[in-house]
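Asks: Protein chains in written order, with the numbering used here: chain A, 98 to 239; chain E, 98 to 239.
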DNA sequence: ATTTAAATTAGAATAATTCTAATCTAGTAA
DNA sequence: TTACTAGATTAGAATTATTCTAATTTAAAT
Ligand SMILES: [Mn+2]
Ligand SMILES: [Mn+2]
Ligand SMILES: [Zn+2]
Ligand SMILES: [Zn+2]
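As structure tokens, then:
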């Protein structure tokens, strides 16, 4: 967090209250918020904040590698404030997202004919499942 | 293909020329078209076809498990006419999509604390890479 | 205090997808 | 063949996420 602020200043970016609020919200946040989630949170303290600011800040942070977009929902983008490579598990019922910090890279060898066509640079796994809460809900219905 | 048409009729769905054209376009298609790709193709033969028809048909086919949505592009949905479970590799430069028919499920064991929270039902891997064409382009630039 | 490049803002623009309500038609049965 | 009708198609409007724009404000350097 502090380092992030320092990095900011070093690189000649202005540290505005809105940005600071966004940084604070994201720092250590293990949820996977959408732009709208962030917007609504920041709006509590800065009622005039605009979506443009949220999107601009997210784009900057993305370029700096501090947050990552995750590709799980076609409706809206989700952002991951944890830039360390990891995977995700999504509840197919309520869309709850969990982190999976497990390195599968050794096991994910590509078939030879694919490696001829693509030079691999990384991978990301989406696990699907049903979360505790939703399992209970389903049981109750029966 | 024929089976698909039969299945259609059996289930009491009408087989319209537009739907048939969409089915034909998708049959054996190893690309991963968007609704717009399909729309433009069908429009060649049926100039009055509407987006609603394309989306409706895709939704039906999805419900029947004949096509799958793939989650790789936040801009637009891509559809996969091959419903057999498989993974994908995406060129980070031109977004070309390739199929990866390799079963990694044995290797993808989830950590215990995740299995406590989620009952797993499946997984999908996005590999990222740089395709032949894009590798060449990059070299040329240097 | 002044300056100014960068950031913020409200609101417009864009683009993918879904919805709506009127019209049409595939398939059935007289 | 003809008539019927549930379901399909259509044009265009609505919705929604994201990006763009141009005017205004501000952080931070001087
Ligand atoms: Mn995560
Ligand atoms: Mn595929
Ligand atoms: Zn759930
Ligand atoms: Zn490429």
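A virtual CB, placed ideally from N, CA and C, is assigned to each residue, including glycine. Just so it is clear, the structure is predicted and the values come from calculations on it, not from any experiment.
Assuming the contact rule is C-beta atoms closer than 8 Å, residue 115 of chain A and residue 152 of chain A should be a hit. Round their C-beta distance to whole Å, please.
Replies: Counting from 1 along the first chain, the entry for residue 115 of chain A is found at position 18. Counting from 1 along the first chain, the entry for residue 152 of chain A is found at position 55. Not quite, the Cβ-Cβ distance comes to about 12 Å (not below 8 Å), so this is no contact.
Asks: Between residue 110 of chain E and residue 162 of chain E, what straight-line distance do the alpha-carbon atoms span, to the nearest angstrom?
Replies: In the second chain, residue 110 of chain E corresponds to position 13, counting from 1. In the second chain, residue 162 of chain E corresponds to position 65, counting from 1. Near 15 Å, if we compare the C-alpha coordinates of residue 162 of chain E and residue 110 of chain E.
Asks: Give the single residue among A/104, A/226, A/210 whose Cα lies nearest to the Cα of residue 207 of chain E.
Replies: Looking up residue 207 of chain E in the second chain gives position 110. Nearest option by C-alpha distance: A/226.
Asks: By DSSP's criteria, residue 167 of chain A is part of a beta bridge. Which residues make up the other side?
Replies: In the first chain, residue 167 of chain A corresponds to position 70, counting from 1. According to DSSP, residue 167 of chain A bridges with A/175.
Asks: What separation, rounded to the nearest whole angstrom, lies between the Cα atoms of residue 220 of chain E and residue 202 of chain E?
Replies: Here residue 220 of chain E refers to the residue found at position 123 of the second chain. Here residue 202 of chain E refers to the residue found at position 105 of the second chain. Cα-Cα distance, rounded: 8 Å.
Asks: DSSP three-state label for residue 210 of chain A, please.
Replies: Start at 1 with the first residue of the first chain, and residue 210 of chain A comes out as number 113. Residue state, collapsed to three classes: helix.
Asks: According to the Cβ coordinates, are residue 174 of chain E and residue 131 of chain E closer than 8 Å?
Replies: For this step, residue 174 of chain E is matched to residue 77 along the second chain. For this step, residue 131 of chain E is matched to residue 34 along the second chain. Cβ atoms of residue 174 of chain E and residue 131 of chain E: closer than 8 Å.
Asks: Would residue 141 of chain A pass as an interface residue toward chain E - the criterion being a Cβ-Cβ separation below 8 Å?
Replies: As a position in the first chain, residue 141 of chain A is number 44, starting the count at 1. Not one chain E Cβ lies under 8 Å of residue 141 of chain A.
Asks: Quick one: give me the first and last residue of the alpha helix (DSSP H) that residue 189 of chain A is part of.
Replies: Here the question's residue 189 of chain A lines up with position 92 in the first chain. Premise fails: residue 189 of chain A is in no alpha helix (DSSP H) and is neither H nor E.
Asks: Alpha carbons only, please: which of A/209, A/102, A/222 is nearest the one belonging to residue 168 of chain E?
Replies: By 1-based counting over the second chain, the position of residue 168 of chain E is 71. The candidate whose alpha carbon is nearest that of residue 168 of chain E is A/222.
Asks: Does the distance from the C-beta atom of residue 139 of chain A to that of residue 122 of chain A stay below 8 Å?
Replies: For the purposes of this step, residue 139 of chain A is taken as the residue at position 42 of the first chain. For the purposes of this step, residue 122 of chain A is taken as the residue at position 25 of the first chain. A contact, by the Cβ cut-off of 8 Å.
Asks: With hydrogens ignored, establish whether the beta-carbon of residue 188 of chain E is closer than 7 Å to any heavy atom of ligand 4.
Replies: Residue 188 of chain E sits at position 91 when you count from the first residue of the second chain. Yes, ligand 4 has a heavy atom inside 7 Å of this Cβ.
Asks: If the cut is a Cβ gap below 7 Å, which residues of chain A does residue 204 of chain E touch?
Replies: On the second chain, residue 204 of chain E is found 107 positions in, with the first residue counted as 1. By Cβ distance, chain A contributes 201, 204.
Asks: For residue 223 of chain E, verify whether its CB is less than 7 Å away from any heavy atom of ligand 2.
Replies: Locating residue 223 of chain E in the second chain gives position 126, where the first residue counts as 1. The answer is no for residue 223 of chain E.
Asks: Considering only C-alpha positions, which residue in the set A/211, A/180, A/124, A/119 is nearest to residue 137 of chain A?
Replies: Walking along the first chain from the start, residue 137 of chain A turns up at place 40. Residue A/119 is the option with its Cα nearest to residue 137 of chain A.
Asks: Could you name the residues whose beta carbon sits closer than 5 Å to any heavy atom belonging to ligand 1, keeping them in chain order?
Replies: Going along the chain, the residues that qualify are A/177, A/196.
Asks: Go to residue 225 of chain A, then tell me how far its alpha helix (DSSP H) extends in each direction, as first and last residue.
Replies: The residue labelled residue 225 of chain A in the question sits at position 128 within the first chain. Where residue 225 of chain A is concerned, there is no enclosing alpha helix (DSSP H), although the beta strand (DSSP E) it sits in stretches over 215-228.
Asks: What's the C-alpha gap between residue 150 of chain E and residue 108 of chain A?
Replies: As a position in the second chain, residue 150 of chain E is number 53, starting the count at 1. As a position in the first chain, residue 108 of chain A is number 11, starting the count at 1. Those two C-alpha atoms are separated by around 51 Å.
Asks: If you run the structure through DSSP and keep just helix, strand and coil, what is residue 146 of chain A?
Replies: Taking the first chain and counting its residues from 1, one reaches residue 146 of chain A at position 49. If DSSP states are grouped into helix, strand and coil, residue 146 of chain A belongs with coil.
Asks: Check the Cβ of residue 166 of chain E against every Cβ in chain A and list those closer than 9 Å, keeping chain order.
Replies: Counted from its first residue, the second chain places residue 166 of chain E at position 69. Per Cβ cutoff of 9 Å: 171.
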